[in-house]
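> Chains as they are written, first to last, in the numbering used here: chain R, 933 to 1145; chain D, 933 to 1145.
Sharing a structure here in structure tokens format.
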DNA sequence: CATGGCTTATATGTATACATATAGCAACTA
DNA sequence: TAGTTGCTATATGTATACATATAAGCCATG
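Shown next as structure tokens:
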């Protein structure tokens, strides 16, 4: 039997991801308790976990609120994500198995298909598949865990209405180059290409965020 | 007024760091409750946080135990730590201010002094000062946070009796080279030197851990 | 003697009751 | 009128009571 607090974490995260809860919103334990039909105890444990995950912040006696990231913090986040994604690409190229290669090719193909159909939603999903394949190929469990946390953290902002026209094709090109470097076991190039790839994706968000303030 | 659960996190961590609680040990909520003189509620919240921090692991209805790392997991951990430390060195060299330079030199000097006195305990502290100075110089808050978490995670194993004869002098030499690279704004070199430096430190732990199994 | 099912003990998971600090509002004073 | 002080409401922090799942021990049965 799964714990209520674990369910709650997912539910509250979903409310953040879906935009129902926005950065700065206050979370009242009693309100959440009524809304989810459980007592305050599991609510508090869920909040605790989400604070540790960086989604919420609390001040003693002041309750929890959805964390607000400044433009600099978001930039810092992407900088680390880019470094670790680059690391994953390097490691993947250093210890590439046939099965991992196939997974990466599969992810790449999904990206191509989605880009051809100019379907940003499908592309977002395919993009995750491609990157996840590289993460697994890297074979470092701790790295995979960190990248998943970063991904979840960044996902909060996926609803921001930012322009992606023409970006899909370019992204696919970059993916192809990265995959080639990995397949050629050129770790240094894979690393650099991947880092630039992520930073390009992230470069627009901070400025957009600053514009929203 | 600080929260009891926050105090508890530090206290339990200390019990792990000091070796009182060893990997694999079971944590009973009622026992901790009596020992620390608080109810189970803050105990549970502290456990929750420490699970998120990677110090404990829980299975539903089975309670919490101090996390046991396999040799591979520890190796993965060091691999990520090395990459992020390298990143910090690179960033530090790219945006070095005079005040940060002084902090790094100060840390380096403390390492030299401790090594000259052949005092491993003092060296461990000085080592932290040196690395922390570089972290701050990098100026990426998220990176600093991640490195602190990794440091705390690795600290659990600082009590393992491993041979350090001759390592102190070598470590100081490496620190000097890293500092020089940063001061010369040679980010690529600083990155590589730092990565190798950390991996050297970590290389022995997994094999030692394997021997203990 | 071994094995399987039932009973019971215990520890986790959840709910509720109680304590206390903070904030908002009102009344009083300068 | 502005500012300050004290009361009160409310939400957080903590303790305790209750529910339930797991596991261990014991008895019965083959």
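By construction, the Cβ of each residue, glycine as well, lies at the ideal position given by its N, Cα and C atoms.
Note that the structure is a prediction, hence the values are computed from the model and not measured.
Got a sec? Which residues, its chain only, sit under 7 angstroms from residue 1043 of chain R by beta carbon, not counting five neighbours each side?
Along the first chain, read from residue 1 onward, the residue named residue 1043 of chain R stands at position 111. Cβ within range, chain order: 1055, 1058, 1059, 1062, 1104 and 1107.
> Would you kindly work out how many angstroms separate the C-alpha atoms of residue 1027 of chain D and residue 1119 of chain D, rounded to a whole number?
By 1-based counting over the second chain, the position of residue 1027 of chain D is 95. By 1-based counting over the second chain, the position of residue 1119 of chain D is 187. Going from the Cα of residue 1027 of chain D to the Cα of residue 1119 of chain D covers about 10 angstroms.
> Which of helix, strand or coil does DSSP assign to residue 995 of chain R?
Here residue 995 of chain R is taken as the residue at index 63 of the first chain, counted from 1. It is a strand residue.
> So, does the CB of residue 940 of chain R fall closer than 8 angstroms to a CB anywhere in chain D?
The residue you call residue 940 of chain R lines up with position 8 of the first chain. Not an interface residue.
> For a test of the three-state rule: what should DSSP assign to residue 1028 of chain D, helix, strand or coil?
Counted from its first residue, the second chain places residue 1028 of chain D at position 96. The answer is coil: DSSP assigns residue 1028 of chain D none of H, G, I, E or B.
> Kindly identify the DSSP beta-bridge partner or partners of residue 959 of chain R.
Start at 1 with the first residue of the first chain, and residue 959 of chain R comes out as number 27. Paired residue(s): R:996.
> Closer than 7 angstroms by C-beta to residue 977 of chain R: which residues in its own chain qualify, once you throw out the five before and the five after it? Chain order, please.
Translated into the one-based positions of the first chain, residue 977 of chain R becomes position 45. Hits under 7 angstroms: 937.
> Contact criterion: CB-CB distance below 8 angstroms. Does residue 1015 of chain D meet it with respect to chain R?
Here residue 1015 of chain D refers to the residue found at position 83 when the second chain is read from its first residue. It does; some Cβ of chain R falls within 8 angstroms.
> Since residue 940 of chain D and residue 992 of chain D are thought to touch, with beta carbons under 8 angstroms apart, how far apart are those beta carbons, to the nearest angstrom?
Stepping through the second chain from its first residue, residue 940 of chain D is reached at position 8. Stepping through the second chain from its first residue, residue 992 of chain D is reached at position 60. Between residue 992 of chain D and residue 940 of chain D the Cβ distance is about 22 angstroms, and since that is not below 8 angstroms, they are no contact.
> Please classify residue 1000 of chain R as buried or exposed, where buried requires at least 16 other C-beta atoms within 10 Å of its C-beta.
The residue you call residue 1000 of chain R lines up with position 68 of the first chain. Exposed is the call here.
> One question on the structure: do residue 982 of chain R and residue 958 of chain R come within less than 8 angstroms of each other, judged by their Cβ atoms?
Against the first chain, residue 982 of chain R aligns to sequence position 50. Against the first chain, residue 958 of chain R aligns to sequence position 26. Not in contact: residue 982 of chain R and residue 958 of chain R (Cβ atoms no closer than 8 angstroms).
> At what residue ranges does the stretch 1014 to 1060 of chain R contain a whole run of the alpha helix (DSSP H), taking only runs of 4 or more?
Qualifying alpha helix (DSSP H) stretches, in chain order: 1030 to 1048.
> Does any residue of chain D have a CB that is nearer than 8 angstroms to the CB of residue 980 of chain R?
Sequence index remark: in the first chain, residue 980 of chain R carries index 48 (1-based). Yes - at least one Cβ of chain D is within 8 angstroms of the one on residue 980 of chain R.
> Comparing C-alpha positions only, which one of R:1127, R:1137 and R:1134 sits nearest to residue 1019 of chain D?
Mapped onto the second chain, residue 1019 of chain D falls at position 87. Selected option, being the one with the closest Cα: R:1127.
> With burial defined as no fewer than 16 other Cβ atoms inside 10 Å of the residue's Cβ, what is the status of residue 1039 of chain D: buried or exposed?
Your numbering for residue 1039 of chain D matches position 107 in the second chain. Buried.
> Kindly list the residues whose CB is nearer than 8 angstroms to the CB of residue 995 of chain D, restricted to its own chain and excluding five residues on each side of it in sequence; keep chain order.
Counting from 1 along the second chain, the entry for residue 995 of chain D is found at position 63. Cβ neighbours of residue 995 of chain D beyond the five flanking positions: 958, 959, 960 and 961.
> Output the distance between the C-alpha atoms of residue 1045 of chain R and residue 1071 of chain R, rounded to the nearest integer angstrom.
Walking along the first chain from the start, residue 1045 of chain R turns up at place 113. Walking along the first chain from the start, residue 1071 of chain R turns up at place 139. So the two alpha carbons sit approximately 27 angstroms from each other.
> Inspect the beta-carbon positions of residue 1036 of chain R and residue 1130 of chain R and report whether they are closer than 8 angstroms.
Here residue 1036 of chain R is taken as the residue at index 104 of the first chain, counted from 1. Here residue 1130 of chain R is taken as the residue at index 198 of the first chain, counted from 1. No; because the gap between Cβ atoms is not below 8 angstroms, this pair is not in contact.
> For the alpha helix (DSSP H) that contains residue 973 of chain D, what are its first and last residues?
On the second chain, position 41 is the one that residue 973 of chain D refers to. Its alpha helix (DSSP H) spans residues 972 to 984.
> Could you tell me whether the Cβ atoms of residue 1023 of chain R and residue 1012 of chain D are closer together than 8 angstroms?
Here residue 1023 of chain R is taken as the residue at index 91 of the first chain, counted from 1. Here residue 1012 of chain D is taken as the residue at index 80 of the second chain, counted from 1. Not closer than 8 angstroms, so no.
> Report the three-state DSSP secondary structure of residue 1002 of chain D (helix, strand or coil).
If you number the second chain from 1, residue 1002 of chain D lands on position 70. If DSSP states are grouped into helix, strand and coil, residue 1002 of chain D belongs with coil.
> Using a beta-carbon distance cut-off of less than 7 angstroms, what residues from the stretch 1117 to 1131 of chain R approach chain D?
The residues in question: there are none.
> What residue range is occupied by the uninterrupted alpha helix (DSSP H) comprising residue 1104 of chain R?
As a working note, residue 1104 of chain R is residue 172 in the first chain. It spans 1099 to 1115 - the alpha helix (DSSP H) in which residue 1104 of chain R sits, taken as one unbroken run.
> Looking at residue 1101 of chain R and residue 1047 of chain R, is the spacing between their C-beta atoms short of 8 angstroms?
Locating residue 1047 of chain R in the first chain gives position 115, where the first residue counts as 1. Locating residue 1101 of chain R in the first chain gives position 169, where the first residue counts as 1. Contact flag set, yes.
> Is there at least one Cβ from chain R nearer than 8 angstroms to residue 976 of chain D's Cβ?
Translated into positions along the second chain, residue 976 of chain D becomes position 44. For residue 976 of chain D, the answer is yes, since a Cβ of chain R falls inside 8 angstroms of its Cβ.
> In whole angstroms, what is the alpha-carbon distance linking residue 1080 of chain R and residue 942 of chain R?
The sequence position of residue 1080 of chain R within the first chain is 148, counting from 1. The sequence position of residue 942 of chain R within the first chain is 10, counting from 1. Those two C-alpha atoms are separated by around 14 angstroms.
> Would residue 1025 of chain R and residue 966 of chain R be called neighbours here (beta carbons separated by less than 8 angstroms)?
The residue you call residue 1025 of chain R lines up with position 93 of the first chain. The residue you call residue 966 of chain R lines up with position 34 of the first chain. Cβ atoms of residue 1025 of chain R and residue 966 of chain R: not closer than 8 angstroms.
> Since residue 988 of chain D sits in a beta bridge, which residues does DSSP pair it with?
Here residue 988 of chain D corresponds to residue number 56 of the second chain, with the count starting at 1. According to DSSP, residue 988 of chain D bridges with D:998.
> Residue 1072 of chain R CB to nearest chain D CB: under 8 angstroms?
As a first step, residue 1072 of chain R is located in the first chain; it is residue number 140 there, counting from the start. So, interface residue.
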